[in-house]
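Below is one structure, written out as structure tokens; comments come after it.
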Amino acid sequence: MSTTDLNNIGEQVNHLRSYFNTGGTRSYEWRISQLNQLKKMLVEQESAFLLALSQDLAKSEYEAWTSEVGYTISEIEHTIRSLKKWMKPRKVSTPLVAQPAKSYQLPEPLGTVLIIGAWNYPIQLVLGPIVAAIAAGNCVVIKPSELSAACSELLAKLIPDYLDKQASCVIEGAVPETTELLKQKFDHIMYTGGEGVAKIVMRAASENLTPVTLELGGKSPCIIDSGTNLDVTVSRIIWNKWMNAGQTCVAPDYVLIEKSESEKFLTRLKKKLNEFYGNDIKNNKDYGRIVNTRHLDRLVSYLDNQNVVMGGEFDSEQKFLAPTVVLDPPADSPLMLEEIFGPILPIVTVEKIEDSIEFVNHRAKPLALYVYTNNTQFEQQVLNATSSGNVCINDGMMFMTNPNLPFGGVGNSGMGNYHGQSGFNTFSHLKTVMKRATFIDPALRYPPFSKMKLNLVKKLL
């Protein structure tokens, strides 16, 4: 793992801040040129990115391109098409009492921002926020995850070659380097990862009154109502759950299903898993690996004293854990108390599907909630009675493909959001502006005051 000299971190941050103060990042032309350079980097270095993703997480070429490289290119292209519109002043109405005047909000860059990426999607979850930060006209300090070492090293090598060196830098390392980074003054911090580190980031940010965006995770439920198209439902759940070997913040963390439907669901699940990955899943190149042995050991420990009805096989040397299903785990077991972030899917049975709502509401608010149903009344009941960062009905994480939908958590699953214009807004300050005319200046607000003036003001305000 490469690291950055601790003594140079403060100097690099100060250099970016000085450059930002020159106004070099504010123009539309600069922003567009940097976005085009990001796209160029992904296109020209595609094979290098695919190799690094394979080294870190054994991602197949298909999965690496669709969820990382291609996904980020799509985000860049959407931003390039929309940027001129996003940068325009946003007009608002002006009340009668302030006339004659015009009022608007003017997006302006925040300054120098810090982006701390995650290891599970080490390209997308670093470059996606960079797209938003650059589009908003900021200087960017980038801290990739040290757990995905190949991707971190590649980003540190390529970004200076493609982006403006005066406006961006990559800091590599682990806890010491991140700790030193968090001592610096930033205008915004975006962190993607777990709840524990998020609290450390927030505490550090509070010392400088720095605003934060936290993209976390949690235990995202998947509710399956009876009467759905079970073949399609199972296929979509498998794709959503076992992409990247379950190491996805919006993967379903557990399934809620009526007890009378559970056997049928499990039968289809086994059949579809075999269709997708075959009998020898350990040697199937479409199935990924756990990021390191520490996380593998954590996942395997979750299976202690559980009713494993499918999978459970693992290989420490290869960091492999088979797609695993656990039936009705104890509610107080680590499997149901902690975010799994791996290829284990608990199945929780309920007497009637409406009981699933109470089950969800007794737990922290999740990043995503999935409900498979053909019953619009139940669909609305779930939407109205539960709180989550994102909801998808009758599919998995497909909402991520729509740049017009903000992505973010609520409560323990995060704060703030990004993607598309919401990302541009996150890294911008919407400056309030009112411009008033001087050709008329009513004396209503000036002393001496009178009862008549007060009565007029009461009618105008």
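Using the numbering used here, the first residue of the sequence shown is number 1170, and each one after it goes up by one. All C-beta atoms, glycine included, are put in the ideal place defined by N, C-alpha and C.
Under a Cβ-count criterion, where at least 16 other Cβ atoms within 10 Å of its own Cβ denotes burial, should Ala1500 be classed as buried or exposed? exposed
Could you compute how far the alpha carbon of Lys1441 sits from the alpha carbon of Tyr1188? 55 Å
Would you call the CB atoms of Phe1593 and Ala1227 closer than 8 Å? no
Relative to the alpha-carbon of Ala1537, which residue among Gln1214, Val1519 and Cys1561 has its alpha-carbon at the smallest distance? Cys1561
Nearest-angstrom Cβ-Cβ length linking Val1517 and Leu1425, presumed shorter than 8 Å: 5 Å
3-residue-minimum beta strand (DSSP E) runs that sit fully inside the stretch 1319-1393, ordered along the chain: 1337-1339, 1357-1361, 1381-1384 and 1390-1393
Taking the straight line between their C-alpha atoms, what separation do you get for Tyr1197 and Thr1191? 15 Å
Given a threshold of 16 other Cβ atoms within 10 Å of its Cβ, counted over all protein chains shown, does Gln1353 qualify as buried or as exposed? buried
Would you kindly check if the distance between the Cβ of Leu1383 and the Cβ of Gly1585 is under 8 Å? yes
Inspect the beta-carbon positions of Gln1214 and Asp1333 and report whether they are closer than 8 Å. no
If you compare alpha carbons, which of Thr1172, Arg1250 and Lys1209 is closest to Gly1239? Lys1209
Thr1397 versus Val1403 - alpha carbon distance: 10 Å
Need the endpoints of the beta strand (DSSP E) that Thr1714 sits in, please. Nothing about residue 1714 can be reported from this structure: the residues present for the chain run from 1170 to 1630 only.
Could you pull the DSSP bridge partners for Pro1515 from this structure? Val1495
Thr1361 and Ile1285: beta carbons closer than 8 Å? yes
Using the Cα positions of Cys1308 and Ser1582, report the straight-line distance between them to the nearest angstrom. 27 Å
Per-residue DSSP class, three states only, for Ala1304: helix
Residues sharing a beta bridge with Leu1538, DSSP: Val1560
Just tell me which of Val1626, Tyr1541 and Glu1523 has its CA closest to the CA of Ala1554. Glu1523
With a floor of 4 residues, list each alpha helix (DSSP H) that falls wholly inside the stretch 1564-1623, ordered by position along the chain. 1589-1595
For Met1505 and Pro1498, believed in contact at Cβ under 8 Å, the rounded distance: 5 Å
Considering only residues of the same chain and omitting the five flanking positions on each side of Val1261, which have a CB-CB separation below 8 Å? Ser1272, Tyr1273 and Gln1274
Quick one: grab the DSSP three-state call for Pro1291. coil
The beta strand (DSSP E) spanning Pro1278 covers which residue range? Ala1270 to Pro1278
Beta strand (DSSP E) runs wholly inside the stretch 1246-1271, at least 3 long, in chain order: 1259-1261
Inter-residue spacing [alpha-carbon to alpha-carbon] between Cys1338 and Ile1292: 16 Å
Mind checking Ala1343: buried by the 16 CB within 10 Å criterion, or exposed? exposed
Which residues DSSP lists as bridging Tyr1423, in chain order: Pro1390
Please name the residue in Trp1255, Leu1211 and Ile1392 whose C-alpha comes closest to that of Ile1328. Leu1211
Have a look at Phe1510 and His1598 and give me their C-alpha separation to the nearest angstrom. 34 Å
Please report the distance separating the alpha-carbon of Ser1525 from that of Leu1552. 12 Å
Provide the residue(s) that pair with Val1477 in DSSP beta bridges, ordered along the chain. Val1495
Pairs of beta-carbons, one from the stretch 1444-1456 and one from the stretch 1532-1548, closer than 8 Å: are there three or more? no
C-alpha gap between Thr1570 and Arg1463, whole angstroms: 32 Å
Compute the Euclidean distance between the alpha carbons of Lys1368 and Gly1280, then round it to the nearest angstrom. 23 Å
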